[in-house]
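As structure tokens, the structure follows; a few thoughts come after it.
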Amino acid sequence: ITVSGDDARNITFIDNFPDAIEIVDIDGGCIKYENSVYARFNNIDASTSKTCTYTIKGKREFHGALPAKVVYYDGYELKEIYSGAIDFDILPLLEVQTAQIFEDFTTGAYTPKNVSVPVKLFFDDYDFTDTAENPAVLVGDNVRFAINVSSHLNKTLTVKGINVYIPSSLQYAGTITVRRELINASGNRTSTRVTSDPITQIDPSLLRWSGKLNNNASKQFFLKFNTRRSGFQELVVTVDYVYENKNYTEIKHEPFSVSDPGLKLKMDLIDKSDRLAVPSFTFTEDEKTRDVEALSAQRVRVNAYNINPYSVLRNVRISLNTSLFDITPSTIPYLGLQERATSHDFDVVFPKLDVSTTYKVNISASYKNQFGEEYYNSTVFEITVKPFADVSITHDSSGGFVLDGGEETDFTVTVDNSRITNVRNVEVHDVIDPGVSVIGVTSKKVKLNKDTGADIYTYRITPPRVHEKTYYNVTTFLEYFDSQGLFTYRTNKTLTFTVYPKQPDVTVTRSLSDDEVTVGEIIEVDYTVKNNEDEEEVRDLVLNFPLQAGIDTVGDSKHYIKRLGPSEAATLNDVERFRPKIANDSVTINKTIVEYSDAYGNAFTANSTEENIKVGAAEIIGPGIFIEKKVSPQLNISQEAMVSIEVRNIGTEGALVQVEDNDRAWSVDVPGKSLRVIEYPISFNVEGSYSLSAPIAHYKNQGLSFTTKGNSAMVTVSQYVPVLVPTPSTAPELAAEAAITENVTTLEEFVSEKQQFLGFQFKRQYIVIAVFILVIVAIIVAYIFYNKGRTKKPTFFLD
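If you use our numbering, the sequence shown corresponds to residues 32 to 830, in order.
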């Protein structure tokens, strides 16, 4: 202990040792305290030392580093320092190693664990730790152990006995040779064999070796035993030896486990509808549930498997406990190594149920292995019996189920087997109403796989040409005999085709005299109407010229053609005239609709194409009437509302206008540049949305008659719609007895009334704004007085 700086005072030296090390002798002023070396010095001068010498001896194996410690006072504080640690490796006189092994094993690169002890290669590579995983052993199989006894002395030891105590569950089978295969980093293999040292069997429970064990030498034994009992067991090895006239004993315990995999139980359900009798389902540890169908017949087969290759089984008694069926237990007298035997094989028809029901099947087994050990195991499977499921029929038609006479369609019949069992010899056939042409197969015998659907057949159907809407039926019949439930199943499904008369092909072509005109200019239209049928005439053709807002139809709005023979065309010159009243670069002229019938009176329609014209601005010389319908879009139930029809004349001359609105009609004299308003009440009593038809106006000028159309209107009727001012009420139907009131107003009067109403609205807005300003001013004044009042009071601050 050297002081390198100032003097040190109150120095305490301590060197602690573990129990594995014994303090033998002490010199230099130190003392022994328990298992420590202890010294105390009042003062050690600077640059001086104190020395303490002592001798130690290892009592048993120890591996570790041990430092010494000094505590001293440097004049200011206590300090603690440590010496450098010394590494100690105290080896036992004898090292005993045991392990459960394989006869063959492979290792990697070889590095000896202890270069000072030349033990054989096997023990340097093998893991002898207690945490090493032992190989699995089945009862009846052999278990193998390696035992190594090594001397760490440089002198010969007298070994009274290396004793191996054999438990009653093992039977000694002799020594073995272990093959060791070494694979180095390059992948090269080297195979060596290690032979056991001899050992003597004293009796069935004891093996022993005795003699001299030379310095740094080992004895190794590779032993094989037959297992005769399962469970956790232990091999005990003791070594009695003499050293310096003292007797020593080393004891080593090697635990191991022997198991009996015993019996595995499996149950098969064999579908009786499967002629090949292949098990349809096998219950195992992983597959423990199965669905079956009510009234289905299945074969139940229970098999027992001895999965131990080293032990036969005897008196295997297997029982089935379930409320699903009542079966007596069965005994298998002998089951050889890895053999299988059937304990039960019987037929069962599952009960008829209306709801799915799950039954538990508990299969239990008791047996003995060849060593007399008794075992019992059981497993539980579940069988769910489901109600009988119907077979469903589905129809599909490529052309749909509404056809024209003579129109072809591909008709497909699909059958879906919802049952969880296969169905054989299913007869499917279709019955089609007379008159329908059929090409293809309409009957077939098939097998339906469980829980799947299949297209049975597809054939082509062509309904006949009809003269009126006609219905044709296709009925699919399905039938089979269930050999398990011993019943016949029948079902059918009918599909109805709706067949309409085929529409004769009629085309309508129109030609305008001009496609660029000015407002008020009349356009003449030519038509060509053609019957494109080769064999069929068309009759009573009516051309309905379009009525639309912003355009007057001049003259007739319809034209009648009595008949057109096959492939006949009619050319109509100047048959339609119309007058645009709105200037626009593109005004759309709506389609002309042609109504006609075939020779049997079936009605059809055909359309012309739309046309677009360019209309330039100009003043209408004479009357120009526009008509517009107005009504509140949101009304309450049972609330009366007023419908307004505005008749506006933008032309230079007046006209007597006939206004039509559904079953209402008025005659109104409308001067040029003026407006007339017609009003009538309506009411509704059911919620919903209603469309009010567009009004139509007729008037004449200079011997020509003009017809124009207004706009339709939408009304939404609700249970309650909040309103600020009275509005027209609503109802789902027009009140039949409501009196129709008319109010005809000039354009000037109408504008005046609007201005008066708006003036009232503006006045009311000004009043509201003024009141709002007064309220704001009052709030500001009150706030000022409030602040003045607060300044007269003391102010407090909170910390």
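Positions of the beta carbon are idealized from the N, C-alpha and C atoms, including for glycine. Treat the numbers as computed from the prediction; the structure is a model and nothing was measured.
Residues near residue i in its chain [Cβ-Cβ closer than 6 Å; skip 5 each side]
i: VAL756; result: Residue confidence is low: VAL756 scores 46 on pLDDT, short of 50, so the model does not pin down where it sits. Its coordinate-derived value is still stated next. None.
i: LYS100; result: ILE45 and TYR113
i: THR33; result: SER80
i: SER639; result: VAL539, ARG541, LYS622 and THR623
i: ASP376; result: ARG332
i: THR21; result: Only positions 32 to 830 of the chain appear in this structure, which leaves residue 21 out of reach.
i: ASP37; result: ALA77
i: SER288; result: PHE263
i: THR43; result: ARG71 and VAL102
i: PRO286; result: GLU265
Cβ-based burial, residue i [other Cβ within 10 Å; buried from 16]
i: PRO143; result: Low confidence applies to PRO143: its pLDDT is 40, below 50, so where it sits in the model is not reliable enough to give any reading.
i: ASN562; result: buried
i: MET745; result: exposed
i: GLU677; result: buried
i: PHE737; result: buried
i: ILE230; result: buried
i: PRO340; result: exposed
i: ALA70; result: buried
i: ARG220; result: exposed
i: PRO149; result: The predicted position of PRO149 is uncertain, since its pLDDT is 34 and thus under 50; a value taken from the coordinates is nonetheless stated next. PRO149 is exposed by the Cβ-count criterion.
i: VAL411; result: exposed
i: GLU65; result: exposed
i: GLU564; result: buried
i: ARG224; result: exposed
Own chain partners of residue i with C-beta closer than 7 Å, once the 5 adjacent residues on each side are dropped
i: MET67; result: Correcting the residue type first, residue 67 is Ser in the shown sequence and not Met. Contacts found: ILE45, ASP46, ASN47 and PHE48.
i: VAL55; result: THR86, ILE87 and LYS88
i: LYS785; result: Here LYS785 scores only 39 on pLDDT, less than 50, and its place in the model should not be relied on; the value that follows carries that caveat. Correct list: empty, nothing qualifies.
Within 7 Å, strictly: CB atoms of residue i and residue j
i: PRO573; j: GLU641; result: According to the sequence as given, residue 573 is Val; it is not Pro. Contact flag unset, no.
i: LEU244; j: VAL195; result: no
i: ARG491; j: ILE463; result: no
i: ILE656; j: ASN680; result: yes
i: PRO465; j: VAL497; result: no
i: LYS478; j: ARG455; result: yes
i: ILE424; j: LYS524; result: yes
i: ILE394; j: LEU344; result: no
i: PHE253; j: ILE301; result: no
i: ASN611; j: GLU566; result: A small correction: the amino acid at residue 611 is Pro; Asn does not occupy that position in the sequence shown. Contact flag unset, no.
i: LYS283; j: THR129; result: yes
i: THR415; j: ASP322; result: yes
i: PHE93; j: PHE119; result: yes
i: GLY713; j: ALA672; result: With the sequence shown as reference, residue 713 is identified as Ile, and Gly is not the correct amino acid for it. Yes.
i: ASN41; j: TYR104; result: yes
i: GLU370; j: ASN400; result: no
i: ASN575; j: PRO654; result: no
Top-ranked residue by Cα proximity to residue i, from the options
i: LYS417; options: ASN693, THR473 and ALA325; result: ALA325
i: PHE635; options: SER598, ALA686 and THR538; result: THR538
i: ARG259; options: VAL457, VAL646 and GLU404; result: GLU404
i: VAL267; options: ILE178, ARG224 and MET298; result: ILE178
i: ALA335; options: VAL646, LEU355, GLY367 and ASN185; result: GLY367
i: TYR558; options: GLU607, ILE363 and ILE414; result: GLU607
i: ASP421; options: ARG450, SER397 and GLU439; result: ARG450
i: GLU126; options: ALA167, PHE176, ASN74 and LEU184; result: LEU184
i: ALA648; options: VAL674, GLU547, VAL569 and ALA601; result: GLU547
i: VAL505; options: HIS426, ALA813 and GLU285; result: HIS426
i: ASN633; options: VAL530, VAL459 and ALA728; result: VAL530
i: VAL662; options: GLY60, PRO535, SER722 and VAL472; result: SER722
i: LYS500; options: ILE658, LYS255, PRO364 and VAL433; result: VAL433
Same chain only: Cβ atoms within 8 Å of residue i, ignoring 5 sequence neighbours per side
i: GLN787; result: The predicted position of GLN787 is uncertain, since its pLDDT is 43 and thus under 50; no value can be drawn from it.
i: SER724; result: ASP692, ASN693 and SER743
i: LEU735; result: VAL585 and GLY586
i: GLY192; result: ARG239, TRP240, SER241, THR269, VAL270 and ASP271
For residue i: DSSP bridge partner residues
i: THR527; result: ASN504
i: ASN448; result: VAL422 and THR483
i: TYR390; result: ILE414
i: ASP120; result: HIS94
i: LEU434; result: VAL530
i: LEU125; result: SER182
i: GLY205; result: LYS255
i: HIS590; result: LEU574
i: ASN346; result: Paired residues: none, contrary to the question.
Closer than 7 Å to chain D by CB, residue i
i: SER544; result: Absent here is chain D; the protein component of the structure consists of one chain.
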